[in-house]
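*Asks:*
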Amino acid sequence: MEIKQEKKTGRRMHVLWLILIVNLVLIIGLWQYHRLIVEVSEGAAADLYRQALSPFRGKEDVNEQRQLTVALLHSEATAVSFGDGRAGYESLITLWRQLMDAEKFSYKVVQSVPVGKEAEPFNLLLLPATRCMGHEDRQAVKAFLRAGKGVFMTWAAGTQNEFGQWERYSLLNEVGGIEIAGSPPATDEHISKVMVSGGYPLTASLNPGFRLNITAFDQPLSANVREDRVLVDGVWTDPDQPTFELHSVRDRAAVVHGNYGPGRFVWMGFTISSGQNRVEQQNAFHTLLRSSMLWAGHQVLAFKPVWPEGHAGVLSVSQDVHGTEDVNPAIIEIVRKHRVSMTSFVRPDLIRRHPELVMQLLSVGEIGILGEPDEDYKGRTMDEQQHEFARAADLLQDLTGAAPLGFRMAGGQPFIDRTQDALVRAGFQYIANRELDRMVPKAVRSYRRVPLVMRPRTLWQVPEMPYMRSGHPVMDVENTMPVHLAQILALGGMYGLSFRASEQDADFPRKLDALFETAKRERVPVLTLKDVLVLWEGWDNVKIATRYVSSRRASLKISNTWFDNVDNVIVNVEMPSVQRRLDLESMTLGTELPSSMSSSGVRWRLSINRLGGGKNVVYYINQEPTRKGPESDEAKMMRPSAPPAADPW
Numbered sequence: 100m101e102i103k104q105e106k107k108t109g110r111r112m113h114v115l116w117l118i119l120i121v122n123l124v125l126i127i128g129l130w131q132y133h134r135l136i137v138e139v140s141e142g143a144a145a146d147l148y149r150q151a152l153s154p155f156r157g158k159e160d161v162n163e164q165r166q167l168t169v170a171l172l173h174s175e176a177t178a179v180s181f182g183d184g185r186a187g188y189e190s191l192i193t194l195w196r197q198l199m200d201a202e203k204f205s206y207k208v209v210q211s212v213p214v215g216k217e218a219e220p221f222n223l224l225l226l227p228a229t230r231c232m233g234h235e236d237r238q239a240v241k242a243f244l245r246a247g248k249g250v251f252m253t254w255a256a257g258t259q260n261e262f263g264q265w266e267r268y269s270l271l272n273e274v275g276g277i278e279i280a281g282s283p284p285a286t287d288e289h290i291s292k293v294m295v296s297g298g299y300p301l302t303a304s305l306n307p308g309f310r311l312n313i314t315a316f317d318q319p320l321s322a323n324v325r326e327d328r329v330l331v332d333g334v335w336t337d338p339d340q341p342t343f344e345l346h347s348v349r350d351r352a353a354v355v356h357g358n359y360g361p362g363r364f365v366w367m368g369f370t371i372s373s374g375q376n377r378v379e380q381q382n383a384f385h386t387l388l389r390s391s392m393l394w395a396g397h398q399v400l401a402f403k404p405v406w407p408e409g410h411a412g413v414l415s416v417s418q419d420v421h422g423t424e425d426v427n428p429a430i431i432e433i434v435r436k437h438r439v440s441m442t443s444f445v446r447p448d449l450i451r452r453h454p455e456l457v458m459q460l461l462s463v464g465e466i467g468i469l470g471e472p473d474e475d476y477k478g479r480t481m482d483e484q485q486h487e488f489a490r491a492a493d494l495l496q497d498l499t500g501a502a503p504l505g506f507r508m509a510g511g512q513p514f515i516d517r518t519q520d521a522l523v524r525a526g527f528q529y530i531a532n533r534e535l536d537r538m539v540p541k542a543v544r545s546y547r548r549v550p551l552v553m554r555p556r557t558l559w560q561v562p563e564m565p566y567m568r569s570g571h572p573v574m575d576v577e578n579t580m581p582v583h584l585a586q587i588l589a590l591g592g593m594y595g596l597s598f599r600a601s602e603q604d605a606d607f608p609r610k611l612d613a614l615f616e617t618a619k620r621e622r623v624p625v626l627t628l629k630d631v632l633v634l635w636e637g638w639d640n641v642k643i644a645t646r647y648v649s650s651r652r653a654s655l656k657i658s659n660t661w662f663d664n665v666d667n668v669i670v671n672v673e674m675p676s677v678q679r680r681l682d683l684e685s686m687t688l689g690t691e692l693p694s695s696m697s698s699s700g701v702r703w704r705l706s707i708n709r710l711g712g713g714k715n716v717v718y719y720i721n722q723e724p725t726r727k728g729p730e731s732d733e734a735k736m737m738r739p740s741a742p743p744a745a746d747p748w
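Structure follows, in structure tokens:
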């Protein structure tokens, strides 16, 4: 009887433990489901989720505005002389109408530029490739801008008169302060590339350095910018050159914005039909068009700086260490002199043979794993690669006490999907890649070892730019590194300089020393790639959306879709007109109002001390009545993160 009683008691304990485990799994599952609901059903995260599903879905999109009223100019003179014939011009008008219908923008097709009382209902004039314009229409466009409204121009707007004759002083000269320079370079596939900047309202939803592919069949145009009131949002770049040509950005502009008196204008050197027909490209293209219309139409826009903590950009220096010849004591001494850190990617064979050199490199920064130069990863399965990467990580961890976080292919080989999957499963956090489509880190893989229980691992791609020696065909300066740093800071990006010490000349340490001096003078943080991710990861998960509630009220939604807190959240708010103060109301219980400041009364800087993980906050922005007169808008746009500096281009 006692044995039977013990068996019954044991079975009961097993059943109780089973029930407890099931309840625990259910609780964890419900909590994960709750976090998912928070991330995709509230605040700005919901807007971004729905935007990813459908870029033309207007009702719930990011920065949805119901106050924008557009006058879409249908120019008969342009239709008659259009290069693709009347049908080609009419197709552009149709595309614009479809875009505005999808975005729920109010618009009206007009046959001439509205003037006087006819212009009162509109706050944006759209000139879609309106090449031919008479003198009266050009003067009406200026009057439209002087009334504090906006104009969005594409392609060769206003460069010919109503008879198809070229105007010496065109609308683009007089309003936009630009001159048509010609056609941009194109690839063999007839694609021209626009590289966008960061930190401006037009490109706030895009990553700095993103390449926008434009079809050359539509004859895109490049422009020279000649006035300081005009700022450049995108530049044409040589598709065959992986880095910069070191020409002035103002001599190859593709997208610009600026002010004409109290009015705002945007110009693009291409048409609405010019975007490449790929999902990522179309999403970016439509985002740029939407943001341009909203900004030019004096709508409330909110966006965050590219980098947190007021940084204009960051510098990260890394080196490939194949063997003992790549450990240069002079470079190590310069890194120590400036009290900065760098990342060294080391082959596993060097870790085994020369551990003392690895420890020497560890003393000045971070150690990552460098792939074998003769290894063909394409021919190996994911399990085989994962086993090899895990073995290399264990080798370094046994020596240094810390597992490596980064991996780089030797010689800049491309990463295939299996290799990325193997790396994230082996515990790596990032890969350094020369295939640049942006100048900031990018999440490329996610992996969760135990579903519903453990946090997912994320594999990031960080950009790198190999050092270009003097004497390169496109180089005409003695030291390219400070020049590239200035260019990338102007775009708001990250300069990921990479090199192999044994391939450099004896003067390279001196040039590297000059780069660190420049970074110190410009107050640019010099970080290892690991520290770049620490700075970027939480900031990348802060999402922002604006929406009109009424004619004088807009809602601002800020979401933290990360699992951890994000401190010192900065949000830039672009107002339609000068505001003496920013009238904010908190619509989220227990949330304090952010501090606000502005030097122009148009662009305001909001500061939130801490935004909790998974938290969404909503504020209402109440607008003052629009002031009349020539000083009703800001005289000149400024970068949100720092005072304007000398043009580095």
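Position one of the sequence shown corresponds to residue 100 (my numbering), numbered consecutively onward. Cβ coordinates follow ideal geometry from the N, Cα and C atoms, glycine included.
(1) So, for residue 151: in the same chain, excluding its five sequence neighbours on each side, which residues have a beta-carbon less than 6 Å away from its beta-carbon?
(2) Measuring only the C-alpha atoms, how far is residue 266 from residue 533?
(3) Is residue 686 buried or exposed, if buried means 16 or more other CB atoms sit within 10 Å of its CB?
(4) With the cut-off set at 8 Å, would you say residue 394 and residue 300 are in Cβ contact?
(5) For the beta strand (DSSP E) containing residue 336, list its first residue and its last residue.
(6) Can you tell me the Cα-Cα spacing of residue 118 and residue 547, whole angstroms?
(7) Please state the DSSP three-state secondary structure of residue 259.
(8) Does DSSP classify residue 181 as helix, strand or coil?
(9) According to DSSP, residue 703 sits in a beta bridge with which residue or residues?
(10) Taking the alpha helix (DSSP H) that residue 385 falls in, what are its first and last residues?
(11) Please specify which runs of the beta strand (DSSP E), each continuous and at least 3 residues long, are wholly inside the segment 408-479, giving them in chain order.
(12) Sorted by chain position, which residues of the same chain lie with C-beta nearer than 6 Å to residue 245's C-beta, five sequence neighbours on each side aside?
(13) What is the residue span of the alpha helix (DSSP H) that residue 759 lies within?
(14) Which residue wins for smallest C-alpha separation from residue 519, given the options 115, 216, 558?
(15) To the nearest angstrom, how far is it from the Cα of residue 545 to the Cα of residue 355?
(16) Could you have a look at residue 115 and say whether DSSP puts it in helix, strand or coil?
(17) Kindly list the residues whose CB is nearer than 8 Å to the CB of residue 228, restricted to its own chain and excluding five residues on each side of it in sequence; keep chain order.
(18) Using a 10 Å radius around the Cβ and a threshold of 16 neighbouring Cβ atoms, would you call residue 503 buried or exposed?
(19) Measuring only the C-alpha atoms, how far is residue 237 from residue 688?
(20) Under the rule that 16 or more other beta-carbon atoms within 10 Å means buried, what is residue 428, buried or exposed?
(21) Which whole-angstrom value describes the C-beta separation of residue 489 and residue 525, a residue pair presumed to lie in contact below a C-beta threshold of 8 Å?
(22) Check this for me: beta carbons of residue 311 and residue 251, under 8 Å apart or not?
(23) Using three-state DSSP, classify residue 497 as helix, strand or coil.
(24) Which one of 509, 473, 466 has the shortest CA to CA distance from residue 493?
(25) Within its chain, find whatever has a CB closer than 7 Å to the CB of residue 332; leave out the 5 residues flanking it on each side and keep chain order.
(26) Note down, in chain order, each residue of its chain lying with its Cβ closer than 6 Å to the Cβ of residue 681, except the 5 sequence neighbours on either side.
(27) Where do the ends of the beta strand (DSSP E) carrying residue 366 lie?
(28) Identify the continuous alpha helix (DSSP H) that holds residue 518 and give its terminal residues.
(29) Compare the Cα-Cα distances from residue 416 to each of 439, 426, 396 and report the closest residue.
(30) What is the C-beta distance between residue 402 and residue 643, in whole angstroms, given that I count them as a contact (C-beta under 8 Å)?
(31) Give the secondary structure of residue 578 by DSSP, where H, G and I count as helix, E and B as strand, and everything else as coil.
(32) If you measure between the beta carbons of residue 212 and residue 239, is that distance less than 8 Å?
(33) Could you give the DSSP three-state label for residue 711: helix, strand or coil?
(34) Determine contact between the segment 618-625 and the segment 649-669, defined as no fewer than three beta-carbon pairs at a distance below 8 Å.
(35) Per DSSP, what kind of secondary structure is residue 663 in: helix, strand or coil?
(36) Using the C-alpha atoms, what's the distance from residue 628 back to residue 261?
*Replies:* Let's see:
(1) Bear in mind that a pLDDT of 45 at residue 151, under 50, signals an unreliable position, so the model cannot answer this.
(2) 44 Å
(3) exposed
(4) yes
(5) 329-336
(6) Spanning the two alpha carbons is a distance of roughly 25 Å.
(7) strand
(8) coil
(9) 672
(10) 378-395
(11) Correct list: 413-420, 441-445, 464-469.
(12) 360
(13) Outside the displayed range of the chain (100 to 748) lies residue 759, so it cannot be described from this structure.
(14) 558
(15) 37 Å
(16) helix
(17) 177, 181, 188, 191, 253, 254, 255, 256, 370
(18) Counting Cβ neighbours within 10 Å, residue 503 comes out buried, since at least 16 surround it.
(19) 51 Å
(20) exposed
(21) 4 Å
(22) no
(23) helix
(24) 466
(25) Within the same chain, 295, 296, 299, 301, 302, 354, 355, 356 come within 7 Å of residue 332 by CB-CB distance, once the 5 residues on both sides are set aside.
(26) Exclusion of the five residues before and after residue 681 leaves 695, 703 as the residues of its chain whose Cβ lies within less than 6 Å of its Cβ.
(27) 362-367
(28) 516-524
(29) 439
(30) 6 Å
(31) coil
(32) In contact: residue 212 and residue 239 (Cβ atoms closer than 8 Å).
(33) coil
(34) no
(35) coil
(36) 56 Å
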